[in-house]
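See below for the structure under consideration.
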Amino acid sequence: MKITRINVWALELPLSRPYSLAGGRFHFDHLDSTLVRLDTDEGISGWGEGCPWGSTYLPAFAGGIRAGVAELAPVILGMDPCRTEVVYRAMNSALPGHPYIKSAIDMACWDLAAICAGRPLCDLLGGRTAGRVRLHSSIPSGTPAEIMHEIEIARELGYTFHSVKIGADVAADIERMRFVDEQMAADEELTFDCNRSWLPAEAITVLNATRELNRVVEQPCDTIEQHLQVRRNVSQPLAIDESLKTMNDLLRIIETGACEVVGMKLTRVGGLSIARKIRDLCIEAGIQMNIEDTGGTTLQATAAVHLAHATPEPFRRATWLCFDKLTRNPVEAGAVNIDGWSVAPELPGIGAVPDVDALGEPIAVYGPS
Ligand code: MG
Numbered sequence: 015m016k017i018t019r020i021n022v023w024a025l026e027l028p029l030s031r032p033y034s035l036a037g038g039r040f041h042f043d044h045l046d047s048t049l050v051r052l053d054t055d056e057g058i059s060g061w062g063e064g065c066p067w068g069s070t071y072l073p074a075f076a077g078g079i080r081a082g083v084a085e086l087a088p089v090i091l092g093m094d095p096c097r098t099e100v101v102y103r104a105m106n107s108a109l110p111g112h113p114y115i116k117s118a119i120d121m122a123c124w125d126l127a128a129i130c131a132g133r134p135l136c137d138l139l140g141g142r143t144a145g146r147v148r149l150h151s152s153i154p155s156g157t158p159a160e161i162m163h164e165i166e167i168a169r170e171l172g173y174t175f176h177s178v179k180i181g182a183d184v185a186a187d188i189e190r191m192r193f194v195d196e197q198m199a200a201d202e203e204l205t206f207d208c209n210r211s212w213l214p215a216e217a218i219t220v221l222n223a224t225r226e227l228n229r230v231v232e233q234p235c236d237t238i239e240q241h242l243q244v245r246r247n248v249s250q251p252l253a254i255d256e257s258l259k260t261m262n263d264l265l266r267i268i269e270t271g272a273c274e275v276v277g278m279k280l281t282r283v284g285g286l287s288i289a290r291k292i293r294d295l296c297i298e299a300g301i302q303m304n305i306e307d308t309g310g311t312t313l314q315a316t317a318a319v320h321l322a323h324a325t326p327e328p329f330r331r332a333t334w335l336c337f338d339k340l341t342r343n344p345v346e347a348g349a350v351n352i353d354g355w356s357v358a359p360e361l362p363g364i365g366a367v368p369d370v371d372a373l374g375e376p377i378a379v380y381g382p383s
């Protein structure tokens with residue numbers, strides 16, 4: 015099988031309500047996604063998506079993905095998409111680094127490989143495990159009342175696991191954490207996600223003032239080194255999310271014992287091909303994972319659900335369906351939220367297919383016409 019054409023769509027995804035991180039540090043009302051469809055000489059196609067969480071969350075932006083696909087298109091045209099590692103090495107040779115721009119192409123290759131195998135993607139990533147995949151909500155930062163209002167909306171959608179965004183103000187954060195923790199039911203799970211917003215001294219102050227809550231606190235500071243400083247001075251379990259960008263970052267995390275949980279987002283680490291290796295290493299090291307992505311439609315979320323469903327409990331902690339926050343999601347089938355849980359679809363491939371009629375004309379097409 016050979017890749018004969020690469021089609022690219024840009025897709026604006028309005029959020030149903032504006033979103034704030036870390037005390038209003040980042041604030042936006044829509045996402046900018048890129049859909050990639052790889053056509054082949056056997057008449058079947060595979061889909062991938064790359065959608066950063068705005069341009070300020072990570073060193074990644076939508077225009078970068080589109081420029082990167084243009085750069086990589088001549089390299090992957092003519093390659094066999096089912097040879098996912100061979101394609102990935104060719105992308106790395108042609109364009110070292112820039113992991114986030116490779117994820118959509120890599121996802122489309124995995125979609126094709128699974129379609130060709132006649133199996134759902136999870137079965138190519140280790141195999142579907144028992145049970146369902148728990149979902150977590152993503153609760154924007156705000157006053158305690160604003161946070162609880164958002165949690166109530168998430169509860170109505172069935173969520174019992176909440177990722178609450180805090181950060182920026184030590185006194186306000188201590189108050190928010192205590193207040194929100196007190197409102198949790200016995201069956202509800204809670205993570206406080208700081209999104210890099212504290213200095214180590216601030217993190218140590220807040221975490222020691224709230225140590226009796228014993229909740230996972232995610233990405234309190236900017237770097238792994240800063241997390242190590244926090245790790246030595248607090249007792250709560252810590253999660254690293256934004257600072258896990260490469261396999262080498264994970265080796266450093268394991269070597270130093272920097273955290274007990276990682277957030278693994280497909281786009282940030284460079285796609286399914288890298289994420290599945292990180293997943294396996296985390297299992298060896300006893301690290302729990304939130305397996306998810308940085309944004310996007312049902313397509314991107316479903317790819318993450320497949321990897322999560324191929325990861326055994328208790329290592330898979332939760333995943334996230336960004337599309338729950340969108341007012342536009344032109345994708346058929348795929349993972350859905352069932353009372354706060356999800357399952358990988360049974361269809362061959364990713365099992366989530368964008369509606370080409372709703373997408374309109376592609377913004378770029380590479381390959382012979
Ligand atoms: Mg996070």
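Using the working numbering, you'd call the opening residue of the sequence shown number 15 and step up by one each time. Even for Gly, the Cβ is constructed at its ideal location relative to N, Cα and C.
Check, Outcome
"With G82 and I129 assumed to form a contact (beta carbons below 8 Å), what rounded beta-carbon distance in angstroms separates them?", "Contact doesn't hold; Cβ gap of about 24 Å is too wide."
"Expressed to the nearest angstrom, what Euclidean distance is found between the alpha-carbon atoms of L264 and S383?", "43 Å"
"Just verifying my parser: in three-state terms, what is the DSSP assignment at V357?", "coil"
"So what's S287 in DSSP terms, helix, strand or just coil?", "helix"
"Which residues in the same chain as I218 place their Cβ atom closer than 7 Å to its Cβ, once the five residues preceding and following it in sequence are excluded?", "V244, N247, V248"
"Tell me whether N262, by its Cβ, gets closer than 7 Å to a heavy atom of the ligand MG.", "no"
"Got a sec? Which residues, its chain only, sit under 6 Å from D201 by beta carbon, not counting five neighbours each side?", "T174"
"Are the Cβ atoms of A118 and T18 separated by less than 8 Å?", "no"
"State buried or exposed for L149, treating a residue as buried only when at least 16 other CB atoms are found within 10 Å of its CB.", "buried"
"Counting C-beta neighbours from all protein chains within 10 Å, is the total for P73 16 or more, i.e. buried, or is it exposed?", "exposed"
"Across the region 258-272 and the region 95-104, are there enough close Cβ pairs to call them in contact, namely three or more that are closer than 8 Å?", "no"
"Can you look up N106 in the DSSP assignment and give me helix, strand or coil?", "helix"
"Going by the C-beta, is G310 closer than 7 Å to any heavy atom of the ligand MG?", "no"
"Return the chain-ordered list of same chain residues with a C-beta closer than 7 Å to the C-beta of I161, the five sequence neighbours on each side being excluded.", "I153, V178, R190, V194"
"Spell out the partners DSSP gives D207 in its beta bridges.", "K179, E232"
"Cβ of G354 versus every heavy atom of the ligand MG: is any distance shorter than 7 Å?", "no"
"Between the Cα of L384 and those of G284, L171, Y71, spot the shortest distance and give me the residue it belongs to.", "Outside the displayed span of the chain (15 to 383) sits residue 384, for which this structure offers no information."
"Please report the Cβ distance between N209 and L35, rounded to the nearest whole angstrom; I am assuming they are in contact, meaning their Cβ atoms lie under 8 Å.", "5 Å"
"Let me check understanding here. Comparing Cα to Cα, which of A366, L335, L135 lies closest to L286?", "L135"
"For R169, which of helix, strand or coil comes out of DSSP?", "helix"
"For Q281, collect the residues of the same chain with a Cβ closer than 6 Å to its Cβ; drop the 5 residues on either side in sequence, then sort them by chain order.", "This sequence places Thr at residue 281; Gln is not what is there. Only G64, Y114, S117, D307, T308 meet the Cβ criterion."
"Inspect the beta-carbon positions of L27 and L340 and report whether they are closer than 8 Å.", "yes"
"Please classify L138: is it buried, with 16 or more other beta-carbons within 10 angstroms of its beta-carbon, or exposed?", "buried"
"Across the region 308-322 and the region 338-354, are there enough close Cβ pairs to call them in contact, namely three or more that are closer than 8 Å?", "yes"
"Leaving aside the five residues before and after A366 along the sequence, list all residues of the same chain whose C-beta is less than 6 Å from its C-beta, in chain order.", "T312, L313, T316, V345, A347, G348"
"For I352, is the classification buried or exposed, using 16 other Cβ atoms within 10 angstroms of its Cβ as the cut-off for buried?", "exposed"
"May I have all residues whose beta carbon comes closer than 7 Å to any heavy atom of the ligand MG, sorted in chain order?", "S177, D207, N209, E232, Q233, D255, E256, G277"
"Just how far apart, CA to CA, sit P95 and S211?", "40 Å"
"Leaving out five residues on either side along the sequence, give the residues of the same chain with a beta carbon under 8 Å from the beta carbon of L252.", "V230, V231, E232, P234, H241, V244, R245, A272, C273, E274, V275"
"Keeping to the same chain, check which residues put their C-beta closer than 7 Å to that of F75; ignore five residues upstream and five downstream.", "P66, S69"
"If we call anything under 8 Å between Cβ atoms a contact, is N228 one with Q250?", "yes"
"What is the C-beta distance between Y380 and I79, in whole angstroms, given that I count them as a contact (C-beta under 8 Å)?", "Not quite, the Cβ-Cβ distance comes to about 14 Å (not below 8 Å), so this is no contact."
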